[in-house]
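Trainee:
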Amino acid sequence: MAWEKWTALFLALCLALGLTACQSGERGVEGLVVEVQTNEAGDPTAFVVEDSQGKRTGVRLAEGTRLWPRSSGSWTEEELRAAFQEDLRVDAWAFASCYPRRENLEMADGEEVLAYWATSAGIEGELHREALTLRDGTSVDLLEWDSRRSRIYRLADGTELLRVEEPMGPENVRVMGREGFENLSERAQEKVRAYYEEQGPLYSEGEELETSYAAYRELGEAFQCDWVCQDVSPTASSQRVMYFLTNLTLPQERGGQIVCELRLGAAFDRETGEKIDNWDLFTASQAEVRRRFPELCGWVDEPELQAAMSEALEADMFVFFPEYVSVDFPPGTLPGEENGYAISLHYKDAPEGFLQPWAIPQERIT
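Taking this note's numbering as reference, the numbering of the sequence shown is continuous, increasing by one, and the terminal residue is 1106.
1. What residues in its chain sit with their C-beta under 8 angstroms from that of Pro809, if we drop five residues either side in the sequence?
2. Report the residue from Pro910, Trp857, Gly765, Glu948 whose alpha carbon sits nearest the alpha carbon of Ala802.
3. Would DSSP call Ser1050 helix, strand or coil?
4. Please report how far the alpha carbon of Ala832 lies from the alpha carbon of Ala1007, in whole angstroms.
5. What is the residue span of the alpha helix (DSSP H) that Pro1034 lies within?
6. Does the stretch 971 to 979 come into contact with the stretch 948 to 963, if we say contact requires no fewer than three beta-carbon pairs (one atom in each stretch) closer than 8 angstroms?
7. Hey, would you say Met982 sits closer than 9 angstroms to Leu1021, going by beta carbons?
8. Here's the rule I'm using: 16 or more other beta-carbon atoms within 10 Å means buried, otherwise exposed. How should Ser978 be labelled?
9. DSSP state of Glu712, grouped into three classes?
10. Can you list, in chain order, the stretches of the beta strand (DSSP E) that have 3 or more residues and sit fully within the stretch 829 to 896?
11. Could you spell out where the alpha helix (DSSP H) holding Gly946 opens and where it closes?
12. How is Trp808 classed by DSSP in three states: helix, strand or coil?
13. Just grab the DSSP bridge partners of Ile1016 for me.
14. Identify whether Cys762 lies in helix, strand or coil by the three-state DSSP scheme.
15. Closer than 6 angstroms by C-beta to Ala836: which residues in its own chain qualify, once you throw out the five before and the five after it? Chain order, please.
16. Looking only at its own chain, which residues have a Cβ that is under 8 angstroms from the Cβ of Arg927, when we skip the five neighbours before and after it?
17. Per DSSP, what kind of secondary structure is Gln929 in: helix, strand or coil?
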């Protein structure tokens, strides 16, 4: 039987490594491949990876090591090994699950690194050298993974400048206990999908990279990799409306790991998918909502701050949640509020008739 064959192979490999079947605690290794070692036939016998901190670790391959190439399919073991061998090269991103026992591995230049025998190993990405050029002529590498949402821009010496998360949602994003994209009618799904496809990223990746590089030039070793992320997720729903939030995370203090968020709310008719203007979710006029919303939130009692909020308030700032509607003012929006400001109004505290009855979210457990 197949499992008997695999068990025998596993035990044989354990004995060859001086291990017993009782040992546990496999070690995970991953990083950028910096060297591949082969036998006389050209088959890979080991490789060395370097992690983001510059630490190098060796991975030894045995006859029974399970190998995974970048692409998948219904392949034979021989085909899998051949595809893995083709993908295993310098600048590939490799991972391995290894036995805990360590030994030394000598690299081509004579350097010795700690190494582990792999039970399985695979390739899931690659570093593209000189993928683009910045305005001052500096070349930037791009590290991409197949199964992850993120990619990293880095300098030739490995300095990471900017990590970008691929925009995600509104599909395949769930918030526990709340209705989501799949609860819309097919017609509505098409409309909502088209809206967010047209919206696209709310940032310029190129400009973010240039700004991060400028911060690196200024901060030197104190610089830490910047991060950009944009997600769309459901926040609440009523019998007529479904609400979504676009959450954009950007560096606020470059290279210092301090981020700011831009939160934009949108409402859609759950049957037709037509976008509903957020002002239309209120029975009051736009001018009255601008004036009264900061007052109704309760804790904003400075007349000057209330006036500034009323002036800065835009329709897409309203984000509807199951129990309240919130407004986030991004940094720089309000005078004297460098870090931004957030206010919210609970539906139970809203004056009668201030909100459209059909717009108030209901508990709709899925």
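C-beta atoms are modelled at their ideal positions from N, C-alpha and C, and glycine is treated no differently.
Mentor: Based on what the coordinates show:
1. Leu820, Ala823, Phe824, Glu826, Asp827, Gly862, Ile863
2. Cα-wise, what sits closest to Ala802 is Trp857.
3. helix
4. 43 angstroms
5. Segment 1026 to 1036, the alpha helix (DSSP H) holding Pro1034.
6. no
7. For Met982 and Leu1021, no; Cβs fall outside 9 angstroms.
8. buried
9. Absent from the structure is residue 712, since the part of the chain shown begins at 741 and ends at 1106.
10. 832 to 838, 843 to 846, 852 to 873, 879 to 885, 890 to 894
11. 945 to 959
12. strand
13. Ala1007
14. Note that Cys762 has pLDDT 35, beneath the 50 cutoff, so the model's placement of it is unreliable and no number is given.
15. Val769, Val799, Ala858, Ala861
16. The residues are Glu1011, Thr1012, Gly1013.
17. helix
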